[in-house]
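So the protein sequences, as listed, match chains A and B. Using this note's numbering, count along the first sequence one by one with no gaps and you end on 267. Using this note's numbering, count along the second sequence one by one with no gaps and you end on 271. Think of the CB as a built atom: it goes at the ideal place given N, C-alpha and C, for glycine as much as any other residue. Notes for the one structure printed next.
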Amino acid sequence: MLDDFMTRATLAGVGVALAAAPLGCFVVWRRMAYFGDATAHAAILGVALSLTLQMSIFAGALAVALIMALTVTVLSGRGYAMDTLLGVLAHSALAFGLVAVSFLSGVRIDLMAYLFGDILAVSRTDLLIIWGGAALVVALITWRWSELLTATLNEELAYASGFDPKREQLILTLSLAVTVAVAIKVVGVLLIAAMLIIPAAAARSLARSPEAMAVVAAVIGGASAVIGLRSAYVFDTPAGPSIVCVAAIVFACVNLLGWQTRDKI
Amino acid sequence: MALVTVEDLSVQYGENTVLHHVDMTIESGEIVTIVGPNGSGKTSLLRAIIGATPLSAGRVTLNPGLKIGYVPQKLHIDPTLPITVERFMRLTNRVPRQDCVKALESAGVPDLLNNQMSRLSGGQFQRVLLARALIDRPDILLLDEATQGLDQRGSAAFYQQIEAVRKETGCAVLMISHELHVVMSASDRVICLNGHVCCEGSPAVVASAPEYRALFGTGTGGALALYRHEHDHHHDHSKSSQEAAE
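This is the structure we're talking about:
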């Protein structure tokens, strides 16, 4: 079954969507959208480093994404506004990454594959890493769900309940880095943030509880991956962007329908 | 033994010392209010008590097994986060639904259980926060400017609720407030803070202390008048005037 590249691609897309959904909810709730973007952009530097050092792309991207996310967490609240800080770090990392890639002679690198993903080239090993990473992220978030939610609502509330909200922030940061690393192959660094935010945002008006929102986001993300890949195959369009397009269309439909029903009530 | 003992506490943010050499205790069942100008370290003191701020010197000792109910200053729930009152209340305390109902009743807002948090009015929201803090039957309630954003009637009603809760459950209350006259009439003890403890005692003692007057200046004229005025019409003022005379 896994011999078919479309099957592997679909499984990869669904895997990323499953990890991105609950994490994406937190990104939306905590207004960390730009933070996700920054981490993802930094990953291209990781890709360049891995190619230079001839190590696994996943490992390189994960390491740099993690360093980036931790740097932002440490530097935040020390002089610069968060969005300024992210703007500086994210785009510098992206620029350094692109420059670093240009130094790589010998190997011809298809940069597009990392910027927009290359889901149709997902190997069995890739699939294993994607599902392993996704399972780790989902397990982490499920384990800390109540604490993460409390810390998201209010820091002092977390302290008064007897746990450190900074540790919960760290768990999200870690999950973000893992998700970015496994999603590079699927949607590429430029569209990872879209996979985090769009399904979660689309799920908002369909859910009455935080858990429901995460589940609905997972369903929307998974469906977008399946339908997006199918359309990419039929219309011969790039796979990663097609997945994001489907998610965006779902978002638009949900909101248009929502407006209509709200007007009627 | 005191519920909370603060000894020689100092808190620094970088170069900036916000609290120095603060000593205070909270006994069980008493209502203590911290007043002080902006930047006087009121919130830092509360944060130090719940362990949210590293201490640069001194000690905060909580009675072993002390259960704290915390009502934050303002809690912003992003409109993108769907959560019902019930789910919110049971987030960190896995208590039976019946306890939520009871806590909401104590806080004066029954029937809100199935409402979305983002749809509540300011007053309802603060009362749900209070109910959430009460759910685990705390030994002490900590309130950080819990009436911010409420109008005068709303906050007066809120403080009455606090007194009712204290009467009902016997828990101690430590709160921060800007609304001097409302709070003063509801407290057993007032601590006037400005980086250090300027003065403390019964509301009447603090209100007439020169340190307090120096801090709040002419603004206190009105608050003081209101405070006195209110007490003219109360029958339980014998205790505070006795203390004032001491």
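Span of the alpha helix (DSSP H) around residue i
i: Tyr-38 (chain B); result: No alpha helix (DSSP H) holds Tyr-38 (chain B); the beta strand (DSSP E) holding it covers 29-38.
i: Asp-48 (chain B); result: Not the alpha helix (DSSP H): Asp-48 (chain B) falls in the beta strand (DSSP E), residues 41-51.
i: Met-200 (chain B); result: Looking at the DSSP string, Met-200 (chain B) is not in any alpha helix (DSSP H); the run it does join, the beta strand (DSSP E), is 197-201.
i: Asp-85 (chain A); result: 84-105
i: Gly-26 (chain A); result: 7-31
i: Val-49 (chain A); result: 35-55
i: Arg-238 (chain B); result: 235-241
i: Arg-112 (chain B); result: 110-114
i: Ala-115 (chain A); result: 113-118
Boundaries of the beta strand (DSSP E) in which residue i is found, first to last residue
i: Asp-169 (chain B); result: 165-169
i: Arg-162 (chain B); result: Unbroken run through Arg-162 (chain B): none, as it is neither H nor E.
i: Leu-87 (chain B); result: 82-87
i: Ile-93 (chain B); result: 93-96
Three-state secondary structure (DSSP) of residue i
i: Val-120 (chain B); result: coil
i: Glu-55 (chain B); result: coil
i: Met-26 (chain B); result: coil
i: Arg-146 (chain A); result: coil
i: Thr-181 (chain A); result: helix
i: Val-191 (chain A); result: coil
i: Gln-141 (chain B); result: strand
i: Ala-248 (chain B); result: Confidence in Ala-248 (chain B) is poor, its pLDDT being 47 and thus under 50, which makes the residue's placement too unreliable to answer from.
i: Thr-172 (chain B); result: coil
i: Thr-78 (chain B); result: coil
i: Thr-239 (chain A); result: coil
i: Thr-105 (chain B); result: coil
i: Leu-272 (chain A); result: Not covered by the structure: residue 272 (chain A). The range shown for chain A is 3 to 267.
i: Asp-166 (chain A); result: coil
i: Ala-254 (chain A); result: helix
i: Asp-128 (chain A); result: helix
i: Ser-69 (chain B); result: helix
i: Lys-99 (chain B); result: coil
i: Arg-152 (chain B); result: helix
i: Pro-135 (chain B); result: coil
i: Ser-226 (chain A); result: helix
i: Arg-80 (chain A); result: coil
i: Ser-22 (chain B); result: Because chain B spans 26 through 271 in this model, residue 22 (chain B) falls outside it and cannot be assessed.
Burial state of residue i (16 or more Cβ within 10 Å)
i: Lys-92 (chain B); result: exposed
i: Arg-80 (chain A); result: exposed
i: Ala-83 (chain A); result: exposed
i: Lys-192 (chain B); result: exposed
i: Thr-117 (chain B); result: buried
i: Ser-146 (chain B); result: exposed
i: Pro-121 (chain B); result: exposed
i: Glu-52 (chain B); result: exposed
i: His-43 (chain A); result: buried
i: Tyr-116 (chain A); result: buried
i: Glu-225 (chain B); result: buried
i: Arg-169 (chain A); result: exposed
i: Asn-63 (chain B); result: exposed
i: Thr-243 (chain B); result: With a pLDDT of 48 at Thr-243 (chain B), under the threshold of 50, the predicted position of this residue should be treated as unreliable, though the coordinate-derived value follows. That one is exposed.
i: Ala-183 (chain A); result: buried
i: Pro-235 (chain B); result: exposed
Residues bridged to residue i (per DSSP)
i: Leu-218 (chain B); result: B:Val-222
i: Thr-73 (chain A); result: None; Thr-73 (chain A) has no bridge partner.
i: Gln-177 (chain B); result: Its beta-bridge partners do not exist; DSSP assigns none.
i: Val-60 (chain B); result: B:Cys-217
Taking a Cβ distance cut-off of 7 Å, strictly less, list which residues of the segment 86-118 of chain B are near chain A, in chain order.
Ile-93, Tyr-95, Pro-97, Leu-100, Ile-102, Asp-103, Thr-105, Leu-106, Pro-107, Ile-108, Thr-109, Arg-112, Leu-116, Thr-117
At a CB distance below 7 Å, what residues from the segment 69-87 of chain B approach chain A? Give them in sequence order.
Arg-72, Ile-75, Gly-76, Ala-77
For the segment 128-140 of chain A, which residues have a CB atom closer than 9 Å to at least one CB atom of chain B, in sequence order?
none
Taking beta-carbon pairs under 9 Å, can you tell me which members of the segment 27-42 of chain A lie near chain B?
Cys-27, Val-30, Trp-31, Arg-32, Arg-33
By the 8 Å beta-carbon criterion, what residues does the segment 154-165 of chain A contribute toward chain B?
Thr-154, Leu-155, Asn-156, Glu-157, Glu-158, Leu-159, Tyr-161, Ala-162, Ser-163
According to a CB-to-CB cut-off of less than 9 Å, which residues of the segment 211-235 of chain A neighbour chain B?
Ser-211, Pro-212, Glu-213, Ala-214, Met-215
Any C-beta of chain B within less than 8 Å: which residues of the segment 54-75 of chain A qualify?
none
Using a Cβ cut-off of 8 Å, which residues of the segment 168-186 of chain A contact any Cβ in chain B, in chain order?
none
Closer than 8 Å, Cβ to any Cβ of chain B: which residues of the segment 186-197 of chain A, in chain order?
none
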